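Heads up, the sequence shown is in the numbering used here, so the first residue is 6 and it goes up one at a time. Heads up, the thing below is written out as structure tokens.
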Amino acid sequence: MHLIDTHTHLNLDDYKDDRPEVIQRALDEGLIRMLLPGVTLESCLSALELAQRYPGLLYCGLGIHPQDAHTWNSDTEAQLLEWSASANVVAIGETGLDYYWDSSPPEVQHHSLRKQIQLAHQLDLPLILHVRDKPDSRKAYEDLLTILKEEDAQEVGGVMHCFSGDLAFAQAAIAMNFFLAFGGVLTFRSAQNLQAIAKEIDTAHLLLETDSPWLAPVPHRGKRNEPAYLPQVLQQLAQLKAAEPEDIAQITTENARLLFRF
6 MHLIDTHTHL NLDDYKDDRP EVIQRALDEG LIRMLLPGVT LESCLSALEL
56 AQRYPGLLYC GLGIHPQDAH TWNSDTEAQL LEWSASANVV AIGETGLDYY
106 WDSSPPEVQH HSLRKQIQLA HQLDLPLILH VRDKPDSRKA YEDLLTILKE
156 EDAQEVGGVM HCFSGDLAFA QAAIAMNFFL AFGGVLTFRS AQNLQAIAKE
206 IDTAHLLLET DSPWLAPVPH RGKRNEPAYL PQVLQQLAQL KAAEPEDIAQ
256 ITTENARLLF RF
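Now the structure itself:
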């Protein structure tokens, strides 16, 4: 059984003491690809350098996270464009909108997101999108869909990473050629709404991820997450869909290979 972790931050210092062992545990659990999204210029470079040390196993995305959108400028764009020449780069992101934190004003996030969508068009690469809102608000989700439509993002497609929207948003994202990625949150007892959406959406539109080192699935919740825990997410999704884990693994792995072309 083969699995692909479409979102892990293995390049972060959380793994500096045991990174080779973490990667080996992932291999032992059947992972054949892992995608490292950048969130700042520094993390883009470290993700790219790590991916180059594990050719055919690790790949990366280049992007500026919405919390760091205020750092976007023409030099940022030029640097990402230069790094994109590497065969290890398979996506633009992690970008998107995050209204939960106030580190970058919404209009600044909008500009950074639009520029990165335009870069994805230029490079013919899919997008890795993050979206988070303040409690009891859907403004970030509404704004994201508006920007995606205005920038013709359906032409490049991508993934809604660590999906947390409602069913209407899920359907709108799928209609725009985006996959939905589920991670450890899907295993939480409190995630009943998310579980209902995962059960409803056809597996043809789904991906698996860990978002490690964060959001470790049950029974590892509260600990450092790692790609080797992806089978727990798989098992939960299979249970929700009353399907065999091997079948879900095959479909989601093929979805990831189709999207990222690796």
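Even for Gly, the Cβ is constructed at its ideal location relative to N, Cα and C. Owing to the predicted nature of the structure, the values given are computational and were not obtained by experimental measurement.
Query raised in the report: Between which two residues does the beta strand (DSSP E) harbouring residue 100 extend?
Result: Residue mapping note: residue 100 aligns to position 95 of the sequence shown, counting from 1. Its beta strand (DSSP E) spans residues 94-103.
Requested in this report: Report the rounded CA-to-CA distance for residue 126 versus residue 86, giving the unit in angstroms.
Outcome: Start at 1 with the first residue of the sequence shown, and residue 126 comes out as number 121. Start at 1 with the first residue of the sequence shown, and residue 86 comes out as number 81. So the alpha carbons of these two residues sit roughly 12 Å apart.
Requested in this report: Give the C-beta separation of residue 214 and residue 172 to the nearest angstrom, bearing in mind that I take them to be a contact with Cβ-Cβ under 8 Å.
Outcome: Here residue 214 refers to the residue found at position 209 when the sequence shown is read from its first residue. Here residue 172 refers to the residue found at position 167 when the sequence shown is read from its first residue. 20 Å between Cβ atoms; not a contact.
Requested in this report: Grab me the residues of residue 106's own chain with a C-beta within less than 6 Å of its C-beta, minus the 5 sequence neighbours each way, in chain order.
Outcome: Numbered from 1 along the sequence shown, position 101 holds the residue referred to as residue 106. Excluding positions up to five away in sequence, the list reads 72.
Query raised in the report: Excluding sequence positions up to five away, which residues of its chain have a Cβ less than 8 Å from the Cβ of residue 150?
Result: Against the sequence shown, residue 150 aligns to sequence position 145. Once the five neighbours on either side are set aside, the close Cβ partners of residue 150 are 174, 177, 178 and 181.
**Report entry** residue 31 burial status per 10 Å Cβ neighbour count (16 or more: buried)
**Finding:** Residue mapping note: residue 31 aligns to position 26 of the sequence shown, counting from 1. So residue 31 counts as buried.
Query raised in the report: Per DSSP, residue 39 is paired with what?
Result: Taking the first residue of the sequence shown as position 1, residue 39 is located at position 34. For residue 39, which the question treats as bridged, DSSP gives the partners 10 and 63.
**Report entry** Per-residue DSSP class, three states only, for residue 75
**Finding:** In the sequence shown, counting from the first residue as 1, residue 75 sits at position 70. In this structure, residue 75 counts as helix in the three-state DSSP scheme.
**Report entry** Boundaries of the alpha helix (DSSP H) in which residue 213 is found, first to last residue
**Finding:** Working through the sequence shown from its first residue, we reach residue 213 at position 208. Looking at the DSSP string, residue 213 is not in any alpha helix (DSSP H); the run it does join, the beta strand (DSSP E), is 211-213.
Requested in this report: Taking 8 Å as the threshold, find out whether the stretch 134-142 comes into contact with the stretch 232-245 through three or more Cβ pairs.
Outcome: no
Query raised in the report: For the beta strand (DSSP E) that residue 136 lies in, which residues bound it at each end?
Result: Locating residue 136 in the sequence shown gives position 131, counting from the first residue. Start and end: 132-137.
Requested in this report: Please look up how many angstroms separate the CB atoms of residue 13 and residue 169, rounded, as I've assumed it's under 8 Å.
Outcome: Position 8 of the sequence shown, counted from the first residue, corresponds to residue 13. Position 164 of the sequence shown, counted from the first residue, corresponds to residue 169. With a Cβ gap of about 18 Å, residue 13 and residue 169 do not count as contacting.
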